[in-house]
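Residue numbers (my numbering): 1092 to 1577.
Note that the Cβ used here is the ideal one computed from N, Cα and C, for glycine as well.
For reference, the structure discussed in these notes is given below.
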Amino acid sequence: GVCEMKPELLLTQKQKLILTPQLYQAINILQLNLVELKDLIDEELVDNPLLEVKQETGSITEKVNQEENTLTQTEESNKIREENNFDDWLSYLKEKDYRPLPNRPVAEKENRYENFICYRESLQDYLLIQLGTVVSSDIDYKIGEYLIGNIDDNGYLTVGLDDISLDLNIKRDKIKKILSLIQSFDPPGVGTRNLQECLLIQIKYLGISDIKIEKIIKYHLQDLARKSFKKIAKDLKISVSEVQSLADIIKNSFDPKPGRRVGNFKEVKYIFPDLVIMRKIGGGYRVILNDSYLPQIEINPCYKTILESGNNISPYSKEKLIKKGSISDHEIKDTKKYVEEKLNSAKWLIKGIEQRKKTIYRIAETLIEYQKDFLDKGILYIKPLTLRKLADRLEIHESTVSRAIHNKMVQTPRGLLKMKFFFSKGVDKKSGGTVSTDKVKKLIKEYVNNENCLKPWSDQKLADLLSEKGGVNISRRTVAKYREIL
């Protein structure tokens, strides 16, 4: 027979998470970094007249609880019911130009960590971040910090090694070793002492194997600058046209001022770490939330005038206001509704900021506990850690951890780092357990830096070395992948 199609009504049950505006705002606040959060607060101060900058100290949580208790109380001990106050407030709400109060002044005695860096995408700060991830001793970091402090914006070291040796009272060979490490940083050619050294280092990173280019850089830079192509051609026993081609490669592929590749030199930017990890005097570490940059906000107490008056305003006062022509009966009801909406919005904003602080603080404390060896000794001691593992430990959702560390910076004794730096997958060890992929990359980098440039190790040889010396089980293909990244 022919199948008949009939409309049917089927009922099914499904579980579905509905994001309320308040929940959406809380999620959004959690994933904002410090600068983005300040922008949001500034916008809310302009948009919401019930918010103002707090003039006294105190916990945001205490203030929210205080406001909630006020709402539930019916006592009239602190009520403000004078009609002239109500009239003034309505006039205030009808103004369109809401301006936030200035940020609260910070007392000179307040302990404010110097927790922001002003830079033009500073080359020096960029190098310090890299230094903090590869050195394992304080003395090496201090030497590197001194060297980086004497690298100009073009990427060149402006002080001789002998002078640095005298200043630091450290052997020249030790300083040269740290300088070689810095010269392996990005951008290629940084930390060099002259143009020739700068270009020779770039040869390795550009993957150029033409020995003639290396000879031109070593012996004929002045001739190249003067465009004495015939002289170069005669010395290298090649044609002038080939010299011209090599000169074009050098001109287009090499960078004589590698430091200029980092950042925008017209625009000054600021990095504000969301938190600071500091060493305790007696050992260990502590977390400091960097919220001194944020305006401390609270709810303007004058909102009680509207909520306590509103529809309960006396007939005489209402008639007086309407006759005065300042407001209608309908506008009085609308204003009360408007104030209630803005009050709820302000409360949720303050709660969201407080919850963000608590979540980031808990995560940071756990990271300190888990990655203490890295903070003490350096990158070789970082442990494998996934978002899920930390989330399980804190009994929160993995997505919460992901949002909390998103685009966040942390100032540590190892330098200024992204929070996600503390997380990495692991590679199996021969003895059991896992080792951080960052540690494996560091070992590969050390082996490559120490290899014979004329006879570089194969990926398989590096895998064998990692197995024999590092106790790490790793495939040739994984080595090749990490080698390419480095």
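Tell me whether Y1461 sits in a helix, a strand or coil according to DSSP, three-state version. helix
Pull up the distance between the alpha-carbon of S1330 and that of L1315, whole angstroms please. 15 Å
Let me confirm a value: Q1313 is counted as buried when at least 16 other C-beta atoms fall within 10 Å, else exposed. Which label applies? exposed
Should V1137 be labelled buried (16 or more other beta-carbon atoms within 10 Å of its own) or exposed? exposed
Return the Cβ separation of P1078 and L1291 in integer angstroms, given the expectation that the two are a contact with Cβ distance under 8 Å. Because residue 1078 is not part of the residues shown, which for the chain are 1092 to 1577, the question remains open.
Determine which residues share a DSSP beta bridge with E1389 and list them. E1143
Between the segment 1507-1517 and the segment 1470-1482, do three or more beta carbon pairs fall short of 8 Å? yes
Three-state secondary structure (DSSP) at I1274? Reading off the sequence shown, one finds Gln at residue 1274, where the question assumed Ile. Coil, per DSSP.
Enclosing beta strand (DSSP E) for I1368 [first to last residue]: 1366-1370
First and last residue of the beta strand (DSSP E) that includes L1507? 1506-1509
May I ask you to verify whether the segment 1373-1380 touches the segment 1260-1278, counting CB pairs closer than 8 Å and requiring at least 3? no
When H1311, L1380, L1297, Q1274 are compared against N1343, the one with the closest alpha-carbon: L1297
Leaving aside the five residues before and after E1460 along the sequence, list all residues of the same chain whose C-beta is less than 7 Å from its C-beta, in chain order. none
Counting C-beta neighbours from all protein chains within 10 Å, is the total for E1389 16 or more, i.e. buried, or is it exposed? buried
Looking at the secondary structure, which residues open and close the beta strand (DSSP E) in which Y1376 lies? 1376-1380
With burial defined as no fewer than 16 other Cβ atoms inside 10 Å of the residue's Cβ, what is the status of N1540: buried or exposed? exposed
Give the secondary structure of V1652 by DSSP, where H, G and I count as helix, E and B as strand, and everything else as coil. Here the chain covers residues 1092 to 1577 and nothing more, so residue 1652 does not appear.
How many Å lie between E1445 and L1366 at the Cα? 14 Å
Alpha carbon to alpha carbon, how far is Q1335 from N1498? Give it in angstroms, no decimals. 46 Å
Look at the alpha carbon of K1306 and the alpha carbon of E1236, and state the distance between them as a whole number of angstroms. 33 Å
Taking L1238 and I1261 to be in contact with their CB atoms under 8 Å, please state how far apart those CB atoms are, rounded to whole angstroms. That pair is no contact at about 11 Å.
Between which two residues does the alpha helix (DSSP H) holding S1515 run? Premise fails: S1515 is in no alpha helix (DSSP H) and is neither H nor E.
By how many angstroms is the C-alpha of E1486 removed from the C-alpha of R1377? 22 Å
Closest Cα partner of Q1215 within the set D1231, N1245, V1225, S1227: N1245
What separation, rounded to the nearest whole angstrom, lies between the Cα atoms of I1340 and K1309? 15 Å
Give a yes or no on whether the C-beta atoms belonging to I1535 and L1466 are separated by under 8 Å. no
Residues in its own chain within less than 8 Å of L1248 by CB, not counting five upstream and five downstream? L1238, N1241, I1242, L1270, G1282, T1283, R1284
For the alpha helix (DSSP H) containing Y1115, list its first residue and its last residue. 1112-1122
Runs of alpha helix (DSSP H) wholly within the segment 1255-1323 (minimum 4 residues, chain order): 1263-1273, 1286-1297, 1302-1310, 1312-1316
Rounding to the nearest angstrom, what Cα-Cα distance links A1482 and S1493 in this structure? 9 Å
Does the Cβ-Cβ distance between G1251 and P1349 come in under 8 Å? no
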